[in-house]
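Protein chains: 6
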Amino acid sequence: MRIDNRKFDQLREIKITRDYLMHPYGSVLMEMGNTKVICTATIEDRVPHFLKGSNQGWITAEYSMIPGSTGVRKVRDSSRGRIDGRTQEIQRLIGRSLRSVVDMSKMGERTLWIDCDVIQADGGTRTASITGAFVAMVDAFYKLYQEEQIEVMPISNYLSAISVGIGNEGPILDLCYGEDHMALVDMNVVMTDDNRFVEIQGTGEEATFTREEFNLLLDLAEKGNKELIEKQKEVLGCIGQLIKKE
Amino acid sequence: MRIDNRKFDQLREIKITRDYLMHPYGSVLMEMGNTKVICTATIEDRVPHFLKGSNQGWITAEYSMIPGSTGVRKVRDSSRGRIDGRTQEIQRLIGRSLRSVVDMSKMGERTLWIDCDVIQADGGTRTASITGAFVAMVDAFYKLYQEEQIEVMPISNYLSAISVGIGNEGPILDLCYGEDHMALVDMNVVMTDDNRFVEIQGTGEEATFTREEFNLLLDLAEKGNKELIEKQKEVLGCIGQLIKKE
Amino acid sequence: MRIDNRKFDQLREIKITRDYLMHPYGSVLMEMGNTKVICTATIEDRVPHFLKGSNQGWITAEYSMIPGSTGVRKVRDSSRGRIDGRTQEIQRLIGRSLRSVVDMSKMGERTLWIDCDVIQADGGTRTASITGAFVAMVDAFYKLYQEEQIEVMPISNYLSAISVGIGNEGPILDLCYGEDHMALVDMNVVMTDDNRFVEIQGTGEEATFTREEFNLLLDLAEKGNKELIEKQKEVLGCIGQLIKKE
Amino acid sequence: MRIDNRKFDQLREIKITRDYLMHPYGSVLMEMGNTKVICTATIEDRVPHFLKGSNQGWITAEYSMIPGSTGVRKVRDSSRGRIDGRTQEIQRLIGRSLRSVVDMSKMGERTLWIDCDVIQADGGTRTASITGAFVAMVDAFYKLYQEEQIEVMPISNYLSAISVGIGNEGPILDLCYGEDHMALVDMNVVMTDDNRFVEIQGTGEEATFTREEFNLLLDLAEKGNKELIEKQKEVLGCIGQLIKKE
Amino acid sequence: MRIDNRKFDQLREIKITRDYLMHPYGSVLMEMGNTKVICTATIEDRVPHFLKGSNQGWITAEYSMIPGSTGVRKVRDSSRGRIDGRTQEIQRLIGRSLRSVVDMSKMGERTLWIDCDVIQADGGTRTASITGAFVAMVDAFYKLYQEEQIEVMPISNYLSAISVGIGNEGPILDLCYGEDHMALVDMNVVMTDDNRFVEIQGTGEEATFTREEFNLLLDLAEKGNKELIEKQKEVLGCIGQLIKKE
Amino acid sequence: MRIDNRKFDQLREIKITRDYLMHPYGSVLMEMGNTKVICTATIEDRVPHFLKGSNQGWITAEYSMIPGSTGVRKVRDSSRGRIDGRTQEIQRLIGRSLRSVVDMSKMGERTLWIDCDVIQADGGTRTASITGAFVAMVDAFYKLYQEEQIEVMPISNYLSAISVGIGNEGPILDLCYGEDHMALVDMNVVMTDDNRFVEIQGTGEEATFTREEFNLLLDLAEKGNKELIEKQKEVLGCIGQLIKKE
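Protein chains in written order, with this note's numbering: chain H, 1 to 246; chain S, 1001 to 1246; chain D, 2001 to 2246; chain P, 3001 to 3246; chain F, 4001 to 4246; chain X, 5001 to 5246.
Spelled out as structure tokens, the structure:
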């Protein structure tokens, strides 16, 4: 039995609240059980140096946890004077994932800034960030589209992410913090709505795993992402119809 | 008439939600109109170097705005590699204010960390931070008290803060961002429930003001703080009775 | 009786030495008792990014203490790798104060750099910095005016600053370090020669104060600033006649 | 046909030179084709703060490229004042991988520092670093063992890493820089000599991939790692017999 | 003829003012012509990590220029976030030079901090710093000696420094800024009162020089240092008799 | 007798391997006994700000030691977040030395980046860096010359550097680490092939030295540099004939 009585292949309760903040183009409160992340999408009318004059846009992501989000107070990166390695890995992962479903040649010379600020952490913050950031991104592009600043929605696919792992009683889906802490193997899987993979990051946290175990984990991840994308479709409603396969 | 139709001496709608997050000893969502700040209070069982062995505690505060909280995306301090001057001023103000109503010799060799994370900004974020942080601090000390880690509640007074300023049509109370932006004079006033002042910071943003104007502003600030402290008393209920005058 | 036998409303001995250094446009050795600050004003022929093309100038200030200026050696900001919060507050205060009496649209697209380097500290370094920097600024603008780089002196008012506080025997003017250290309430007041306020920063250093006490402090501050401005007029002589009310 | 005429499942030429430097406990020049990495292992007689008194050791890794190692001169991290995200990811990966095959409770309260300094880069520097660092680590532990500072060799398995990817003509093994640059999917796989996985990091560099493609890539990675571990066994000779399965 | 009409082997006017500041153990205003440096010596009752328990002291130096000291405003190291290379070279030179004439085993486990703050620069600031710092150091040690914190004065020799160079008309002594700027060769020489060398740093600023030229420069440097030490003896008076040859 | 049985005026074995790496314009493995430095020269098609539009080039150098190069693991500058003083001194020395033999007006608006990465340190790393970097620089300029990007080779002289010092038995040439560590006086001398000096840096590491001793050291340095330049001529062969005296 899992800590919170879920079945091994059951997601926690998902809640996606759109338009959570008044200022950004897109803003979402993403909740997976007790994990809560504010995902915002803002537009800047310029691109990084290496894209100037290319008539192409860029998507970049930042991730942070507020100090009160964790069991032991999280020291701010700004107090330590540098961004820690884990944070860097996560924000690179979020940016790369979102870029995989966007045709950046159709968004003009703009940068879409994605910010994922974790206000409460209970495991799976990076995957919740990706799933929530996708919705915020859709809203931001839709606003640009309504303002006629872009001609088409540049998004080709739905995108979500989930964690899977091997606990004491075998493979489990969507680990909360207590489970993540005890897991022998921990894996994050980013997928699209046509069942393709964008990222697979599996690590035997100081342990190792077999190919068979690995395949079971992928099965679980496919199931979880399918359900998450259903949820995204539900909250986005008809805007979702502007997302089209290339 | 003010931007949002308030009277010149009228506060915005106040909402103080206690126990907003699951991990910290105290956590509050402080809302003043559209301004929303998460205020948390966490306990660390050690004190800064200069207090070791003194049998005394310490209170320190940090303040930050998430990037999506403002109209134009706020660049993270951690990306810039240093904390900007405004942020430093604000967090020093919050810490100093809270320390003025706490008897730190009665809290043991502990540090109370106050974190104010602005998730939506519409003017008055530093004063909302102080008012909300006070409530989070009461909750944290009350928890320590219930756990019998401290013998008495070390808080002597209620504490709140409000902004006042001079707009086009004269002195106004509790400026929203649009008003703050246009104000000739801008002042933040921190007060206790026995009508004493803790901090008065008045600045003629590249303008100047007379002593008469100044006195009108103080009158408004007294009125605003009185109402805020009423609100604090209401949400804290009977716990508030443990706050006592020295 | 005060530490140095002054009356409660008596300033320390003031000495303002103009043209103290050979290189800068304006340079002043400002002495208030044992507090000694070198204030310099230099001109740079460009403005910050946000003012480019605006046909307007800018004034910015930096403040520092040499390590030997204090009782316990002051660690350099450059060794610590960052500017501390107190220093940031002070340099922001100096810049804001000076800008309040200058019409920056009349100084061309130039930056006036004010540097206040404390070589000996005995309380009141920030207020001495403002009073001395004002004189260095007048000299720098006068040199620009003589060189016909600007058409009028862009300064509208004299400007000075003084500290006041509540000691054991009540309110006192111009606190030296020993007094500042013991004061219950500490306030810095920046004023112009027409008796208007530019900044009022009052803090009950972990104590609180009443409105009556506050009014007594303002009375003292008005008296002190009046005397400081007399001194500025004396050392500036006829150049001072080019300072005119708008 | 591949750029350098290799078959799709063929490794580049592997050369592992032990005792490459005179000072460190272990030092290896690892060459995979034109990619050359100096891997060193040094011992420090203390552990990070969180392990003090635990009677356990720690393994940590750093990775860097010398400026002349790449086609366009690589700017030093020290000049930029911070370690970039890619470097952080790589050094975390190296450390985590090595720790997975070491019983840190058998190495005393020591830190094993692994340094991987790339002197020439032609793709696959992170996987070459892991494969080479493993050999340097064995040598360092063997020296401690000979000095009777540890009682048993604390290593349970051989460990190597290889990159695989999908190029224009399908899946390929051990990508050189030119291939890596063009690959649609890029994956790094860390494995042990009993065919178990330690890390799988697959990313569809702004593309996506199917589960079938993924399985083909894993097949290639298994083949490559098997050959690399053969090579490690060859150069380590009889020392390798001290590596034993738990 | 030289810029300021001096003879080729003539020093500028030297002025050494002792007890220039009220707080430090030793403090000197060192003037060589228009070059003015405040040199202070303060005592800290602990030593760097590598000397703990060694019963030995340490001497360390820091050097800085205030922004108004130079023709073009000098940007503060603290604003740039790091100490520039030239500053580092100079402070290492000052520390090394002073340590060469002190028996650090006779000063207890203390650190002597030397601070050289240039308030006006006109060439030769590093050599003026050494010459002035020596006097401040003597005063600081003498104070410790009077307080009976040390048993003997730990200084074995007088120490001074001077710059020499090759200008258009040949070798010259004690270069002012204008001369330094034009010099082909620039050399700093640190010497003791028994005519021994402590440091010789000669650089053909993008030019080269012969051994004959080099010998002429050393002759000049010997003459200059002899005169500087005379001056030091004069201002130190009978305290100087406590400096003794080992 | 010296540690390694050399005569007092004997260099260690010198080996200069050209074209050591595949990417840079020039790359050398410089070996002096056990000291090994990779020296690379790369070209960047722009110059620092202060040279823009001047039709002149620039030469700049960076120096670093890999962690495994020294007896005790060298902490990376990037981990400490800043470049240490010794490193800064060395890279400034290398750059200045190379610039003294190059006519930068004949290299176009380009920057030549010299990187010296020490992979094994046994004393004399800075002088080995200069001697090796000179050869890498010749190769880089020759490549530019062959590509007809420059019209003449802009190098006027051969350049090398050597260390000398005073050990227990008197002056010695080319100190290895063990000797350097014990030396009373340590000097680095940079020279050209026409026997002129570029830099002389002599320091009595907390000791002092006489002019007679100094002259003996210069004699040794002249001998050592003569032999080093012979070696450079040998490895450069006929390319060396393009180096011409101005």
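Beta carbons are placed, not taken as given, at the ideal position from N, Cα and C, and that holds for glycine. The model shown is predicted, which means the values in this text are computed figures rather than measured ones.
- Less than 8 Å divides the Cβ of S100/H from the Cβ of A3207/P.
- Per the C-alpha coordinates, the member of K1106/S, I1172/S, D1084/S and A1133/S positioned closest to L1144/S is K1106/S.
- Taking C-beta separations shorter than 7 Å and ignoring five residues to either side along the sequence, the partners of Q1201/S in its chain run M1187 and N1188, following chain order.
- Residues of chain P with a Cβ closer than 7 Å to the Cβ of I43/H do not exist; the shortest Cβ-Cβ separation is about 20 Å.
- Just so you know, the alpha carbons of R96/H and I1119/S end up roughly 26 Å apart.
- Here the stretch 3117-3131 of chain P makes no contact with the stretch 3049-3059 of chain P; the two share fewer than three CB pairs at distances below 8 Å.
- Just so you know, the alpha carbons of L4098/F and D5103/X end up roughly 39 Å apart.
- If you check the CB distance, G2108/D and I2059/D do not come in under 8 Å.
- Counting C-beta pairs with one atom in each stretch, the stretch 5157-5167 of chain X and the stretch 5128-5141 of chain X have three or more that are closer than 8 Å, which means they touch.
- N1225/S and G1204/S have their alpha carbons spaced roughly 22 Å apart.
- The beta carbon of R3012/P lies closer than 6 Å to those of M3032, G3033 and D3174 in the same chain, with the five residues before and after it left out.
- Under the DSSP assignment, K4007/F falls outside any alpha helix (DSSP H); it carries neither an H nor an E label.
- The Cβ atoms of I166/H and F8/H do not sit closer than 8 Å to each other.
- Within the same chain, Cβ atoms closer than 7 Å to the Cβ of D45/H are found at R110, the five residues on either side in sequence being excluded.
- The bridge partners DSSP lists for S4064/F are D4117/F.
- Neighbours of N34/H across chain S, judged by C-beta separation under 8 Å: M1022.
- Distances from the alpha-carbon of I2043/D to those of F2197/D, I2114/D and V2152/D put I2114/D closest.
- Taking 8 Å as the cut-off between beta carbons, none of the residues of the stretch 5111-5142 of chain X comes near chain F.
- For the 8 Å CB-CB criterion, I14/H and K233/H do not form a contact.
- Boundaries of the alpha helix (DSSP H) harbouring V3135/P: T3125 to Q3146, taken from the DSSP string.
- Residues of chain D with a Cβ closer than 8 Å to the Cβ of A1207/S are, in chain order, S2100.
- No residue range can be given for F3050/P, since it is assigned to no beta strand (DSSP E) and is classified by DSSP as neither H nor E.
- Proximity of G2165/D to chain S, defined by a Cβ-Cβ separation below 8 Å, is not satisfied.
- Fully contained in the stretch 3010-3050 of chain P are the following beta strand (DSSP E) runs of length 3 or more, in chain order: 3014-3018, 3026-3032 and 3035-3044.
- For M1182/S, the enclosing alpha helix (DSSP H) begins and ends at Y1177 to M1182.
- For L112/H against E199/H, the beta-carbon gap comes to about 19 Å, at or over 8 Å, which does not count as contact.
- Looking at the DSSP output, V1189/S sits in a beta bridge with I1162/S and I1200/S.
- The beta carbon of T2203/D does not come within 8 Å of any beta carbon belonging to chain F, so the residue lies off that interface.
- Y63/H is positioned such that its CB atom lies closer than 8 Å to that of S129/H.
- The beta carbon of E1062/S falls within 8 Å of a beta carbon belonging to chain H, placing the residue at that interface.
- Bounds of any alpha helix (DSSP H) do not take in G1057/S, whose DSSP letter is neither H nor E.
- Any Cβ of chain S closer than 8 Å to the Cβ of P48/H would place that residue at the interface, and such an atom is absent.
- In summary, the residues of the stretch 4064-4097 of chain F whose CB is separated from some CB of chain X by less than 7 Å are R4082, G4085, Q4088, E4089, R4092 and R4096, in the order they occur in the chain.
- For L3051/P, there are no neighbours in chain H by C-beta distance under 7 Å, as the nearest C-beta there is about 14 Å away.
- Judged by DSSP secondary structure, I1172/S falls within the beta strand (DSSP E) whose first and last residues are G1170 to L1173.
- CA-to-CA, the gap between E5212/X and D5180/X works out to about 20 Å.
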